[in-house]
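S.K.: Protein chains in written order, with our numbering: chain H, 626 to 1100; chain X, 626 to 1100; chain V, 626 to 1100; chain U, 626 to 1100.
Number of protein chains: 4
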Amino acid sequence: MGGRVFERFTLEVFDKFKDECGVFGVYNHPEAANITYLGLYSLQHRGQESAGIVSSNRSLSSHKGMGLVADVFSEESLAKLPGEKAIGHVRYSTTGASHIKNAQPFLVEYSMGELAVAHNGNLVNAGRLKDELEAYGSIFQSNMDTEVIVHLIATSKESKLLDRLTGALKRVQGAYSLVLLSENKLIAARDPHGFRPLQLGRLKDSWVIASETCAFDLIEAEFVRDIEPGEVLVIDDKGLTSHKPFEEAPYTPCIFEFVYFARPDSTIFGTNVYEARIRFGRELAKEHPVDGDIVISVPDSGGPAAVGYAEASGIPFQMGMVRNHYVGRTFIEPKDSIRHFGVKVKLNPIRDLVKGKRVIVVDDSIVRGTTSRKIIKMLRNAGAKEVHMRISSPPTVSPCYYGIDTPDAEELIGAKMSVSEINEFITSDTLGYLSFEGMYRAVSGAGSSFCDACFTGRYPVSVSERRAPQLALFG
Amino acid sequence: MGGRVFERFTLEVFDKFKDECGVFGVYNHPEAANITYLGLYSLQHRGQESAGIVSSNRSLSSHKGMGLVADVFSEESLAKLPGEKAIGHVRYSTTGASHIKNAQPFLVEYSMGELAVAHNGNLVNAGRLKDELEAYGSIFQSNMDTEVIVHLIATSKESKLLDRLTGALKRVQGAYSLVLLSENKLIAARDPHGFRPLQLGRLKDSWVIASETCAFDLIEAEFVRDIEPGEVLVIDDKGLTSHKPFEEAPYTPCIFEFVYFARPDSTIFGTNVYEARIRFGRELAKEHPVDGDIVISVPDSGGPAAVGYAEASGIPFQMGMVRNHYVGRTFIEPKDSIRHFGVKVKLNPIRDLVKGKRVIVVDDSIVRGTTSRKIIKMLRNAGAKEVHMRISSPPTVSPCYYGIDTPDAEELIGAKMSVSEINEFITSDTLGYLSFEGMYRAVSGAGSSFCDACFTGRYPVSVSERRAPQLALFG
Amino acid sequence: MGGRVFERFTLEVFDKFKDECGVFGVYNHPEAANITYLGLYSLQHRGQESAGIVSSNRSLSSHKGMGLVADVFSEESLAKLPGEKAIGHVRYSTTGASHIKNAQPFLVEYSMGELAVAHNGNLVNAGRLKDELEAYGSIFQSNMDTEVIVHLIATSKESKLLDRLTGALKRVQGAYSLVLLSENKLIAARDPHGFRPLQLGRLKDSWVIASETCAFDLIEAEFVRDIEPGEVLVIDDKGLTSHKPFEEAPYTPCIFEFVYFARPDSTIFGTNVYEARIRFGRELAKEHPVDGDIVISVPDSGGPAAVGYAEASGIPFQMGMVRNHYVGRTFIEPKDSIRHFGVKVKLNPIRDLVKGKRVIVVDDSIVRGTTSRKIIKMLRNAGAKEVHMRISSPPTVSPCYYGIDTPDAEELIGAKMSVSEINEFITSDTLGYLSFEGMYRAVSGAGSSFCDACFTGRYPVSVSERRAPQLALFG
Amino acid sequence: MGGRVFERFTLEVFDKFKDECGVFGVYNHPEAANITYLGLYSLQHRGQESAGIVSSNRSLSSHKGMGLVADVFSEESLAKLPGEKAIGHVRYSTTGASHIKNAQPFLVEYSMGELAVAHNGNLVNAGRLKDELEAYGSIFQSNMDTEVIVHLIATSKESKLLDRLTGALKRVQGAYSLVLLSENKLIAARDPHGFRPLQLGRLKDSWVIASETCAFDLIEAEFVRDIEPGEVLVIDDKGLTSHKPFEEAPYTPCIFEFVYFARPDSTIFGTNVYEARIRFGRELAKEHPVDGDIVISVPDSGGPAAVGYAEASGIPFQMGMVRNHYVGRTFIEPKDSIRHFGVKVKLNPIRDLVKGKRVIVVDDSIVRGTTSRKIIKMLRNAGAKEVHMRISSPPTVSPCYYGIDTPDAEELIGAKMSVSEINEFITSDTLGYLSFEGMYRAVSGAGSSFCDACFTGRYPVSVSERRAPQLALFG
């Protein structure tokens, strides 16, 4: 999940897939903006670039900013968000398109009044729709594919918001978990494949919507159920009404949420994330056993899998690396003689622990391989006799087009090298990836399916467009 | 070690003993200020209130500020600290005396030129010395006892800095691990009881001094040895000269550094902190076994002891609570209906994991008991069938006068209640504290001794002064 | 022109008509953004709320922020505005709609690519057009009437930008002095009545456009000519092309620019502002002579008229009040006992000068009368024997709908009281307003005409719409 | 007096003598800190680098910061300064020693309790006293000579604060206008020569002390009298007691306060500043008449003298240059092609006014001559036929050692060139300086005397010390 990290380190040093977005909504709570603030705070791991809340008190009020939830909002700004309905959004961190104009919720005025939208996911046909909308006179002010949805709603001929929305969603392809707020309605919508999580909870007389259940825990809301794939759920003064306006599609939730993104205390797609990771570790131990003295993890994401590995292998788990969480917004990497701090600024092995040991290191995935190589070097410098790398997912070989910011295939080490070549590159004594089947065994009840495109290149929704505009547009 | 936490939560919610200070020094490095920046960054867990560096390039340059190391310093401010010698300081966080004038290093001009001092510890006779110095005409600009040391140096009749310093240190009583910087000397000094750690390292042609070895790891320096109790080590162009000017005293390093303060990857007083904590956990399991399903820890400080407990008891260790590290500088606790978030803002149990389980929770200490009570309530709300609290140190019964900011005895639950009363107060099913003997077994080689005043009330250096000024003065 | 003033003082204390906007553009200069920065800096008196620049280097780059030009832009932000073409905007200060989303230039993507617009003026039919555009599916993200123009361009069926723009401008009514920037064109347009100034200059091989000539002076550009009323001037790699696509209308430039808004070193509508003000003062002296000892002005706007009054009356001019220019962003008005600082925080009379004197005070206008009353009280407290108020324009009786933020008629003292009632209200010994004819004599060559609606209620473009939306929309 | 100016422009572009300091004190007012805030705000022209207030409510509270009064203080910081007594300080702007540690009031704890001191002036023997104090064990934490006074008080053997203070002041030489605050006393002291102004006022039941009377006007206090040269005035619960403990010395107040520093609405040394400047202008017109069409001034400091010149010469005064007051904290001077904006960023002549005219420009002084040369060039570029420079003081030939920051003699154009050489350097048609006698005629009642060292090199208090430390120490 990570501490407060200067983005350069997230990107270059830690070399993880970047987080995606988190959405939240609440209906009928006297402190709707405050509840949304807390909800976003719990979803902070899904996006650290920007945060925003729109509340409705007849008219809509908005506050957005770059940075962490706790920094973007103050007592003053929350006080300026009146009303008993609100939605919020946290956005992932990236370098290029990092701009306040891309912060969400996206708030507009159109013929039916005001409308705010918060989106987690990515539309694969946004570029084509944008061209079309512009041809009919729409103007675009952001780089977000979310704006496409709003234009489709605005240009609809339908007279009801629900019909406009379902009409719009019938035209878009890809992944979306949406919350929308009008003067008097809160709407949640999830694409027919159900790529990203979206969940319904209850807090006394209020309804809440969140990307993950961990947001319910903080506000002491009760988890009710998943928003279903293809469901449009309207909450207004008549209560909840559920709609299923789309053609049915295979349910393919994102398996990578279990591997890395979601918080371990969340339960998504019916499965607790922590337990899935423990099982990844157990399967990994069965598939790739090795003689070792201790099992350690790369904090924080590799932790549960390492515990599962230790448990299944009988080799003791140890907290073998310390993570420095005190990284400020702008850690300076000193120049000249003291170069290449990289991973060392954030992680330090416990020398007395690893010295002379055969160390099994569990991590959730390898992106470019450079971080793994540095970690292994660090462990050897600390005296480890052997370093065995174990990865709690299969090699990642293909980019995601459904809402996760991944490097191009040519940067993914799993797409370019065999496992033995990777082992050589990262300088581990042995390297073992969890098999595709092992991963599925860990998360599956009978007959369940997932989107596993990042591991297989098999995309549930075809990606025919030119790639650049898509990348520029997801959010 | 903790993430980036709004101080209210450190103090009230988490209710831990507050961190003390960290010091660092480097001699003969072309990037002395940059190295010191990195050293302080590694020592950040010892103080988050303020940070400062003084470098020497014939004359001394200073930069200090309130906040974290990475926020106080920028490329520009580091560039204004030229020279091949530098010292630095991080200071703990507290509410009252939180003021830039108390940030260190303390830099003055006096008859022999410029002098900068950074101090970890607390002098028990600072108030009396201050009265005396003022009577002879000294003026005080800070609330720090460190200023007393500087005045004693300045008013000395000796002609050499070393003699002035040893004369000054002969007059002060209490705990000090000091680094001093003059135009051409770096001096390290540790009080005769050796309360706080202070260590010597080597980085190619440079000497480095740090509170803990974890600072050496980041800069890739080699640990050489502890600065000995009662040692004054002078580093100048003639090399290292060690002095032992004080009467010998019993060596009583602070045992609480092992329990809570020091980073687990540090080795202090000859023992690795992580391994000490593992052994605390093992002893605890032997002394207080209980039938349980899982062993979890209160992150992050209880982690290694929980691993040790699990190992010795054979009950599986699990990462049962998730800590939110994304707390910004100013988390707002919403008012009115949503009250008392307290611990919940930072910790969340994994419901699916603890549900129906008999949970053994390991923490390092209990201060007021309110945090423990909240954690236990949270676990029961998440479905835990039983909650057994295990503490990896004996009850804390007395305040520290040697550099750790502790509440008064009347606020320490260990001073007011028996273990069974505490068990009732925090609502655990059972509660077990590590015994005094068990703690000693875990950290001792043959015949070693420690300052254990916080557990026993037996103070190695008597505290005769009125209390208030002492508290106001430690740093 | 004013110093750096906390907005509360501009609005409540000084009680002046609020400034409008300023626009700037440059074509074919290697440092287009830097030149625009300087141009905006010279136009700062036309708007202090927000500032923005968009440059074109094939694609358009934007930087906008709340505050003064010199605070919004840094070397870094200017460096991120590459290209040889740029436009910029400064916006007036107001409380309600003060929001970054209303900062200009307004930058969008539409079917023909990117387009940025900066606008000075106000459209009187924006509300109606907005309703219509929304009915056809347009969405609005700001409160600015400028967005209406952009939507009209985007929804046009024409294939050339110029045709789309002229089509759009044929539909809007009211005041506009516009600069537009596309990937390869800089366009300037002024409404057929020519309400607001807009001027063309030349800087070596570059063309520049600015609201006032004072912007040319700073960058050492040469004034070429006014953009004519109803002119659309296109600058691209083929050079300048002038278009006059609109029906001719009476030329009615804003006479209030001479009275208060424009900088005295600017020449607008063919007349130097300073000289116009000197002549206002001379006419005023002829119309409202009085026995007095000294003529003083309310700094800074009343200065030139006071000099003219003194010259024509033979009574010596003195700098009788000192203005404190050191007002920071957030001057705090202390509470309780020290109340109602108001005008005193900014102005102080020279006691020794006014003591025992018959003082003639020249100001440019009276809005609510409260400021004048305070100034007169201050002068009497300082010992003035008599205070004669002279106003260098007629009473303001009607709000402006063409780009100046004025209070409603019911707040305008000139609309509610006769001159003798105003004299009584502000407690002057005598009060004289410049006559309508006197004002015209001062600024007119033969046969010239102006928009004088604020003095007469005669609006050159009829204002049929409901008022609220208009006010919400002008910029 | 100047707008909000980036210091580079004050120093290099405008090339004026830098402002000195301003002090303020209040006794027995329920809102002492708020009153001091307002007082400092009125004295802002005397120092823009830093501002500070110390209040007494039994113990002393302090808030200081870099920047303008209105930026340093907020409602929160003022609320933390309780008590009915307070003193404050504004400090001039300079580059090198610009550091928070040099901000005043200087607050210390010493044997008699707490003491705060605010100082305007400069001690010429501070370096020697500092050496002596250090030899006896004092430590120095700032570069301010004010710290010397505090050490002398602290090391005194006297038992009363008054005796300690007078003892200390007997040892220092040079210029000081001081306010001191202890737990229960407010003390004002002025050196025997009375170099800098210091004045007593009354606000109902409160006493106030300020550098200039303009501070009394804002808070509606009544001017009572000057603190006399050599007077130490103690205000406590027994009322006012005046002491004259020093040997009498010639009264030599600073004549440059009239020429440039003081605000025109202040009355200092018994004479109104504005009226003195008017008379400077009249004398100048008599001494250096010239055929001209208009008289203009360099805003803002040359204004009154220009009015006086116009009056005496019969040539009309005009506001011929516009000053841009909207300079933010960090105006960026664009690089490369657009160079050397210098004076132009702040001043612009009114082209239509000066075109073809013989222009007489009045300024208060010339420092290096570069600014004057640029102004003359600007006027010629705007079309002036002739430019006649008139300076309302004699040539400045010597640095000030009594509290004004002046360049070294080698940088003063008046010290290096004859008037005709200066005329040639600055490219004026003619140049006339006010004569020494003319200046005296303008400010003198019968038999008055002044410190005129900057014009004559005759120093009332001899300056025997090495120069460098003095410069480093004044404040």
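Ideal placement from N, C-alpha and C gives every residue a C-beta, glycine not left out.
Being a predicted model, the structure only gives us computed values, none of them experimental.
(1) Which residues in the same chain as L754 of chain H place their Cβ atom closer than 6 Å to its Cβ, once the five residues preceding and following it in sequence are excluded?
(2) Tell me where the beta strand (DSSP E) around M946 of chain X begins and ends.
(3) Determine whether the beta carbon atoms of N741 of chain V and L748 of chain V lie at a separation below 8 Å.
(4) Only counting the same chain, and skipping five residues up and downstream in sequence, which positions put a Cβ closer than 6 Å to that of V920 of chain V?
(5) Return yes when at least one heavy atom of the ligand HEM lies under 7 Å from the C-beta of G933 of chain X, else no.
(6) Using a Cβ cut-off of 9 Å, which residues of the stretch 698-713 of chain V contact any Cβ in chain U, in chain order?
(7) Determine, for P941 of chain H, whether the minimum Cβ-Cβ distance to residues of chain X falls below 8 Å.
(8) State buried or exposed for E701 of chain V, treating a residue as buried only when at least 16 other CB atoms are found within 10 Å of its CB.
(9) For the 8 Å Cβ check, are there 3 or more pairs between the stretch 1066-1084 of chain H and the stretch 870-883 of chain H?
(10) Could you tell me whether any Cβ in chain X is nearer than 8 Å to the Cβ of A760 of chain U?
(11) Check whether chain V comes within 8 Å of I1038 of chain U, counting only Cβ atoms and requiring the distance to be less than that.
(12) Report yes if the CB atom of M1003 of chain X is closer than 8 Å to the CB atom of L1056 of chain X, and no otherwise.
(13) K795 of chain H: buried (16+ other C-beta within 10 angstroms of its C-beta) or exposed?
(14) Looking at the structure shown, is G664 of chain V part of a helix, part of a strand, or coil, going by DSSP?
(15) Could you confirm whether any beta carbon from chain B is found closer than 8 Å to the beta carbon of I774 of chain X?
(16) According to the Cβ coordinates, are P929 of chain U and R902 of chain U closer than 8 Å?
(17) What number of angstroms, rounded off, separates the C-alpha of G721 of chain V from the C-alpha of R904 of chain V?
(18) Just verifying my parser: in three-state terms, what is the DSSP assignment at T720 of chain X?
(19) Considering just the uninterrupted stretch of the beta strand (DSSP E) at P974 of chain H, what are its terminal residues?
(20) Return the chain-ordered list of same chain residues with a C-beta closer than 7 Å to the C-beta of E882 of chain H, the five sequence neighbours on each side being excluded.
(21) Is it the case that the stretch 831-844 of chain V contacts the stretch 1025-1044 of chain V, given that we only count it when at least three CB pairs across the two stretches are under 8 Å?
(22) Which same chain residues end up closer than 7 Å to D890 of chain X when comparing Cβ atoms and leaving out the 5 residues on each side of it in sequence?
(23) Under 8 Å, Cβ to Cβ, is there at least one residue of chain V near T780 of chain H?
(24) What is the rounded straight-line gap between the Cα of A937 of chain X and the Cα of E1035 of chain X?
(25) With H, G and I counted as helix, E and B as strand and the rest as coil, what does DSSP make of S1087 of chain V?
(26) Please state whether DSSP places Q824 of chain U in a helix, a strand or coil.
(27) Would you mind stating whether N682 of chain X and D830 of chain X have Cβ atoms separated by less than 8 Å?
(28) Can you give me the C-alpha to C-alpha distance between P1032 of chain U and S867 of chain V, rounded to a whole angstrom?
(29) Should H818 of chain U be flagged as near chain V, meaning a C-beta pair shorter than 8 Å?
(30) In chain V, what lies closer than 9 Å to N897 of chain U by C-beta?
(31) In chain H, which residues lie with their C-beta within 7 Å of the C-beta of Q766 of chain V?
(32) Classify R1083 of chain U as buried or exposed, calling it buried when 16 or more other Cβ atoms lie within 10 Å of its own Cβ.
M.R.: So, from the data block:
(1) Listed in chain order, the non-local C-beta contacts of L754 of chain H below 6 Å within the same chain comprise V773, local neighbours out to five positions each way being set aside.
(2) M946 to R948 is the extent of the beta strand (DSSP E) around M946 of chain X.
(3) For clarity, residue 741 of chain V is Ala in the given sequence; the question names Asn instead. Against a cut-off of 8 Å, the Cβ pair of L748 of chain V and A741 of chain V comes out as no contact.
(4) The beta carbon of V920 of chain V is closer than 6 Å to those of A931, Y934, A935, I940, F942 and I985 in its chain, skipping five residues each way along the sequence.
(5) The ligand HEM is not among the ligands present in this structure, which contains no ligands whatsoever.
(6) Within the stretch 698-713 of chain V, the residues whose Cβ lies closer than 9 Å to any Cβ of chain U are, in chain order, F698, S699, E700 and L703.
(7) For P941 of chain H, the answer is yes, since a Cβ of chain X falls inside 8 Å of its Cβ.
(8) It is exposed - the Cβ of E701 of chain V has fewer than 16 other Cβ atoms within 10 Å.
(9) Per the Cβ contact rule, the stretch 1066-1084 of chain H is in contact with the stretch 870-883 of chain H (3 or more Cβ pairs under 8 Å).
(10) Interface residue, yes.
(11) By this cut-off, I1038 of chain U is not an interface position.
(12) Contact: no.
(13) Looking at its Cβ environment, which holds fewer than 16 other Cβ atoms inside 10 Å, K795 of chain H is exposed.
(14) The answer is helix: DSSP assigns G664 of chain V an H, G or I state.
(15) Structure shown: chain B not included; protein chains present are H, X, V and U.
(16) Contact flag set, yes.
(17) Residue placement at G721 of chain V cannot be trusted, given a pLDDT of 39 that sits under 50; what the coordinates show is reported in the next sentence. One C-alpha to the other measures close to 37 Å.
(18) The predicted position of T720 of chain X is uncertain, since its pLDDT is 38 and thus under 50; no value can be drawn from it.
(19) According to the DSSP assignment, P974 of chain H belongs to the beta strand (DSSP E) that extends over L972 to P974.
(20) These residues qualify, in order along the chain: P822 and I893.
(21) No contact exists between the stretch 1025-1044 of chain V and the stretch 831-844 of chain V.
(22) The beta carbon of D890 of chain X is closer than 7 Å to those of C839, D842 and Y899 in its chain, skipping five residues each way along the sequence.
(23) At a cut-off of 8 Å between C-beta atoms, T780 of chain H counts as an interface residue with respect to chain V.
(24) Approximately 35 Å, taken between the alpha carbons.
(25) In the structure shown, S1087 of chain V sits in coil (DSSP, three-state: anything other than H, G, I, E or B).
(26) Correct three-state label for Q824 of chain U: strand.
(27) Their beta carbons are not under 8 Å apart, which means N682 of chain X does not touch D830 of chain X by this criterion.
(28) Pairing P1032 of chain U with S867 of chain V, the inter-Cα distance amounts to about 55 Å.
(29) False, the Cβ-Cβ gap to chain V never drops below 8 Å.
(30) Those within 9 Å of N897 of chain U in chain V are I975, R976, D977 and L978.
(31) When 7 Å is used as the limit between beta carbons, Q766 of chain V is near these residues of chain H: V733 and Q766, in chain order.
(32) In summary, R1083 of chain U is exposed, with fewer than 16 beta-carbon neighbours lying within 10 Å of its beta-carbon over all protein chains present.
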